Amino acid sequence: MKKYLYLFPTTHDALVAEKNWPQTGLPGKLRPIPRVLSSSCGLCLEVELPESSDPIDMAKQCKLTWEKVVAAKDGNYIPVY
12 MKKYLYLFPT THDALVAEKN WPQTGLPGKL RPIPRVLSSS CGLCLEVELP ESSDPIDMAK
72 QCKLTWEKVV AAKDGNYIPV Y
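Using my numbering, the letters of the sequence shown map in sequence onto residues 12 to 92.
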């Protein structure tokens, strides 16, 4: 499993993501955005996806409106989109 953070332009978009994400059948939770990434709405959706999953496809499937997607590993953040 790989950990990803979805960052959103508004708090409303983050709340919609929290509501829609469960349809994937995968765990996800809202958490504060690490300050090294952004200071926009303050919330991100943290998820763990199987290695074979594309985080962008998963976001589109849930109709998420995201600003940025990053992979999180060992305290480092790698931009995905």
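We put the beta carbon where it would ideally sit given N, CA and C, even for glycine.
Predicted, not measured: the structure shown is a model, and the values here were computed from it.
- Around the beta carbon of residue 66, 16 or more other beta carbons lie within 10 angstroms, which makes this residue buried.
- DSSP places residue 81 inside the beta strand (DSSP E), whose first and last residues are 79–84.
- The beta carbon of residue 78 is closer than 7 Å to those of 18, 19, 20 and 51 in its chain, skipping five residues each way along the sequence.
- For residue 44, there is no enclosing beta strand (DSSP E), as DSSP marks it with neither H nor E.
- The C-beta distance from residue 37 to residue 59 rounds to 7 Å, short enough to fall under 8 Å.
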